[in-house]
Amino acid sequence: MFRQPRSTTHPVKEKASDRNSITTPHQRPCGAIAIPAQTTREIYTVAEVAVMLGLTLGGAYELVRDGTIPALKLGGRWVIPKKRFHAWLVGFQEEASS
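Under UniProt numbering, residues 1 to 98 are what the sequence shown spells out, in order.
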């Protein structure tokens, strides 16, 4: 019969004050998502733009590679500057309404 090895660590009781405290990414419970209080990134990923535009990831990459969506290649990654993306989107919407 297989037996589980005994744990050498002891469970730590959680204090009531700890339940409401902010945790670092390494301390968060399994399945929890850590969202920074203030996002200061000036870029979008191709995946983020694909979701915003309702495109597949492959379709978004195709538009990035052919220059339709303004993007930069940094190292091996494509990034989309937020200001240029929003300016492009406004121009695209104005063209569509004309």
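Ideal Cβ positions, reconstructed from N, Cα and C, are used throughout, including at glycine.
* Exposure of F92, with buried meaning 16 or more beta-carbon neighbours within 10 Å -> Taking every protein chain shown into account, the CB of F92 has fewer than 16 other CB atoms within 10 angstroms, so this residue is exposed.
* State yes or no: is the beta carbon of Y44 nearer than 8 Å to at least one beta carbon in chain B? => The structure shown contains no chain B; it holds only a single protein chain.
* To do: Sort E62, T68, S97 and H86 by Cα distance to I43 and report the nearest one.
  => Of the candidates E62, T68, S97 and H86, the one whose C-alpha sits nearest the C-alpha of I43 is H86.
* Which residue comes first and which comes last in the beta strand (DSSP E) that contains L55? -> If you look at L55, you'll find it isn't in any beta strand (DSSP E); DSSP assigns it neither H nor E.
* Asked: What does a CB cutoff of less than 8 Å around L63 pick up in its chain, not counting 5 residues either side in sequence?
  -> Hits under 8 Å: L55 and I69.
* To do: Note the first and the last residue of the continuous beta strand (DSSP E) segment covering R77.
  => Counting along the chain, the beta strand (DSSP E) containing R77 begins and ends at R77 to P81.
* Asked: If you follow the beta strand (DSSP E) that T40 is part of, which residue opens it and which one closes it?
  -> In this chain, T40 is not harboured by any beta strand (DSSP E), its DSSP state being neither H nor E.
* To do: Decide if A47 is buried, meaning its Cβ has at least 16 other Cβ atoms within 10 Å, or exposed.
  => Exposed, because fewer than 16 other Cβ atoms sit within 10 Å of the Cβ of A47.
* Asked: Do you know how far the Cα of R84 is from the Cα of S97?
  -> So the alpha carbons of these two residues sit roughly 20 Å apart.
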